[in-house]
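Residue numbers (my numbering), protein chains in the order written: chain A, 686 to 763; chain B, 29 to 220.
Structure (structure tokens):
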């Protein structure tokens with residue numbers, strides 16, 4: 686768990702591909718470099734998709750966890 | 029003569045030489061080459077499921093920081109027509125085409141199991157249940173994220189679409205040469 690403040694939260698629970706990624710991309714864009722974004726999702730494919738998306742965009746995937754069917758991703762703006 | 033690859037088969041040394049230890053310059057070049065930042069999608073079919081694929085890939089590519097263009101051509105041109113426009117075209121043949129193939133992104137047909145519209149109806153019901161955005165929503169999202177929509181001039185002329193029949197925010201209509209120029213300069217293209 687990180688103690689830094691989360692600048693933006695994205696609730697993508699119940700949404701399928703590509704909405705968790707698209708919503709996250711829209712949410713992270715206006716933030717300052719280094720800002721943290723927390724994403725909640727229920728799409729099982731999102732675990733791999735967020736790794737791939739972080740690789741393509743250069744944003745950092747700080748944490749990827751799952752609890753009771755809810756995936757939580759913590760991303761740091763490039 | 030046929031050659032089979034066995035574990036003993038060795039590649040010629042001149043091909044293998046240097047591969048174990050590429051220089052930092054070579055590594056940097058390969059790294060850069062692997063990361064394309066452009067994508068062109070040629071939207072041709074106008075089928076519901078393929079237009080879905082087009083809009084999912086375009087919006088996700090834009091979300092991944094890529095510069096995306098979609099070239100709308102032939103049957104794939106029909107999704108660009110405004111929702112409230114029912115009949116397009118100037119002569120009876122063009123009008124007939126739009127009557128039999130209803131334009132607009134909300135009226136696309138499945139290439140199989142269409143069942144007079146039952147298929148798309150069920151598909152959209154399933155999409156809603158599973159949180160999947162419809163092609164129309166994804167198209168708007170893609171446009172909002174800066175995806176360029178390139179209408180095909182030839183399709184526009186031949187099918188009699190007028191500029192006022194079409195949604196806002198389109199680029200100037202272009203032809204095959206413009207699309208090929210993008211491909212020739214290295215932009216990967218998908219024909220959907």
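Backbone N, C-alpha and C define an ideal beta-carbon position, used for all residues, glycine too.
query	result
Look at the alpha carbon of residue 168 (chain B) and the alpha carbon of residue 120 (chain B), and state the distance between them as a whole number of angstroms.	31 Å
Using beta carbons (cut-off 8 Å, strictly below), is residue 128 (chain B) in contact with chain A?	no
Within the continuous alpha helix (DSSP H) that includes residue 85 (chain B), where are the two ends?	76-91
So is residue 6 (chain B) buried or exposed if we call it buried at 16+ other beta carbons inside 10 Å?	Chain B is shown from 29 up to 220; residue 6 (chain B) falls before or after that span and cannot be answered.
Return helix, strand or coil for residue 209 (chain B), following the three-state DSSP convention.	helix
Using CA coordinates, which residue listed in B:92, B:75 and B:107 is at the minimum distance from residue 240 (chain B)?	It is not possible to answer for residue 240 (chain B), since the shown part of chain B is limited to 29 through 220.
Let me know the secondary structure DSSP gives residue 750 (chain A) once reduced to three states.	strand
Does the structure place the region 746-763 of chain A close enough to the region 707-724 of chain A that three or more beta carbon pairs sit under 8 Å?	yes
Quick one: what's got a C-beta closer than 7 Å to residue 746 (chain A)'s C-beta in the same chain, skipping five residues either side?	735, 736, 739, 758 and 760
Compare the C-alpha of residue 690 (chain A) against each of A:716, A:705 and A:699 and name the closest.	A:716
Could you give the uninterrupted runs of the alpha helix (DSSP H) lying entirely in the region 695-726 of chain A, keeping only those of 4 residues or more?	704-713
Determine whether the beta carbon atoms of residue 199 (chain B) and residue 177 (chain B) lie at a separation below 8 Å.	yes
Given a limit of 8 Å on CB to CB distance, which residues of the region 704-725 of chain A reach chain B?	704, 706, 707, 709, 710 and 711
Tell me which same chain residues have a C-beta within less than 6 Å of the C-beta of residue 175 (chain B), skipping the five on either side of it?	86, 90 and 96
Flag residue 204 (chain B) as yes if its beta-carbon sits less than 8 Å from any beta-carbon of chain A, otherwise no.	no
Helix or strand or just coil, what does DSSP make of residue 218 (chain B)?	strand
Quick one: what's got a C-beta closer than 7 Å to residue 123 (chain B)'s C-beta in the same chain, skipping five residues either side?	115 and 117
Mind the definition here: the region 134-151 of chain B touches the region 76-83 of chain B only if three or more C-beta pairs lie below 8 Å; say whether that holds.	yes
Ignoring anything shorter than 4 residues, give me the alpha helix (DSSP H) runs that lie fully in the region 94-131 of chain B, in order along the chain.	120-128
If you measure from the beta carbon of residue 96 (chain B) to each beta carbon in chain A, is any gap under 8 Å?	no
I need the straight-line Cα distance from residue 205 (chain B) to residue 68 (chain B), nearest angstrom please.	14 Å
Run through DSSP, which three-state label would residue 61 (chain B) get?	For residue 61 (chain B), the pLDDT reaches just 47, beneath the cut-off of 50, and the residue's location in the model is therefore unreliable, although a value from the coordinates is still provided. The answer is helix: DSSP assigns residue 61 (chain B) an H, G or I state.
What does the Cβ neighbour count give for residue 111 (chain B), buried or exposed, with the cut at 16 atoms within 10 Å?	exposed
Buried or exposed: where does residue 750 (chain A) fall if 16 or more other Cβ atoms within 10 Å of its Cβ makes it buried?	exposed
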